[in-house]
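What follows is one structure encoded as structure tokens, with my remarks underneath.
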Amino acid sequence: MTPAVRPARPADVPDMARILVGALGEKLRPAFGRHAERAAAALMRDDLGRPEVRYRVAEDAGRVVGVVHLALAQSPESAFFDAVRAELGAARALRASLVLSALAYPGLAPDEAYVEELAVDASARRRGAGRALLTWCADEAARSGRRRLTLWVGAANGPAIHLYRAEGFVPVRRRRSLAGRLLFRMPTAILMERTLPSAGPPLP
Ligand SMILES: CC(C)(COP(=O)(O)OP(=O)(O)OC[C@H]1O[C@@H](n2cnc3c(N)ncnc32)[C@H](O)[C@@H]1OP(=O)(O)O)[C@@H](O)C(=O)NCCC(=O)NCCS
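In this text, residue positions in the sequence shown follow the numbering used here: the first is 901, and each later residue adds one.
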């Protein structure tokens, strides 16, 4: 049976952080080192209270197996720094801000929603969780009046690119960077986009 998608709850945060760091460690460890899971959990707790952020989890047989973070608008620039500083201190927050600025995606357009992170536990892949979470993102973005769903993916990330292409995403542009290569072992990233059907007026 396809994993069910439901809203993330505060009690899910430890599982979500573990899955995220397990799946996207190459992005998070250069920024947070051995504190990646703590930092991810702190950011998620903070994000769960933000109106512009949606988190959903995929649940399979009562177990959280996947997580997606959908952004309907840019969070305030200080939000990331403040949440990490509260958990790990100012020096680590500064370091993480600098490292992750290499991957920063400039402000979302009003007609755009952005998949910030998508991750499925390694033990639960190829059972439909990734597709179910991505489908939810497209539906939610359309319900919120957005016309485009976007995301960045590493050019070498075959499984994710297969999924995105199968779900109607097309490449829009490529970004090559030294920082991407040195910090994240991701010399080339691809911006992909899916056009969404109109579904009523945008939310305020
Ligand atoms: C990418 C990821 C989220 C896919 O999650 P998943 O639950 O395994 O994906 P699904 O089972 O829903 O697969 C849906 C479709 O995606 C494609 N796909 C997924 N994994 C694939 C793989 N390893 N090879 C080829 N195609 C793949 C297939 O088209 C698949 O459909 P099918 O199983 O009917 O052939 C998961 O592999 C993951 O967490 N990877 C690490 C983190 C990551 O890369 N996140 C995305 C960053 S942009």
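For each residue, glycine too, the CB sits at the ideal point set by N, CA and C.
Residues that residue i bridges to, as DSSP identifies them
i	result
R963	D960
L1049	A1013, R1094
G1054	A1089
P1006	P1006 is not bridged to any residue.
L1018	V968
P1071	M1092
R985	In DSSP, R985 forms no bridge with anything.
R1076	T1088
Spatial distance of residue i from residue j (CA atoms)
i	j	result
D1011	R1047	5 Å
G925	A936	8 Å
L1082	E1017	21 Å
G962	P903	10 Å
V967	P907	10 Å
E1067	Y1005	22 Å
L1096	A1038	7 Å
H969	D947	9 Å
G1030	G949	24 Å
A1042	E952	14 Å
S997	F981	7 Å
M901	A1060	21 Å
V964	R1094	27 Å
G1058	R1065	10 Å
A1079	V1015	22 Å
F1069	S1044	19 Å
E956	R945	Inspection of the sequence shows that residue 956 is occupied by Arg rather than by Glu. Distance between the alpha carbons of R956 and R945: 13 Å.
A958	K927	21 Å
Cβ-Cβ distance between residue i and residue j below 8 Å
i	j	result
A942	A986	yes
L1049	A1013	yes
V999	A993	no
A939	L988	yes
R1076	L1091	no
A855	L1008	Any question about residue 855 goes unanswered here, given that the chain covers just 901 to 1104.
L1033	V905	yes
E1040	R909	no
Tell me whether the region 960-980 and the region 926-938 touch, counting them as touching only if at least three CB pairs, one residue from each stretch, are closer than 8 Å. no
At least 3 beta-carbon pairs within less than 8 Å: the region 1039-1059 vs the region 1084-1092: yes
May I have a chain-ordered list of the beta strand (DSSP E) segments no shorter than 3 residues that lie completely inside the region 904-983? For the region 904-983, whole beta strand (DSSP E) runs of length 3 or above, ordered along the chain, are 904-907, 953-960, 963-971.
Say whether the region 910-920 touches the region 1018-1036, bearing in mind that this needs 3 or more beta-carbon pairs closer than 8 Å, one atom from each stretch. yes
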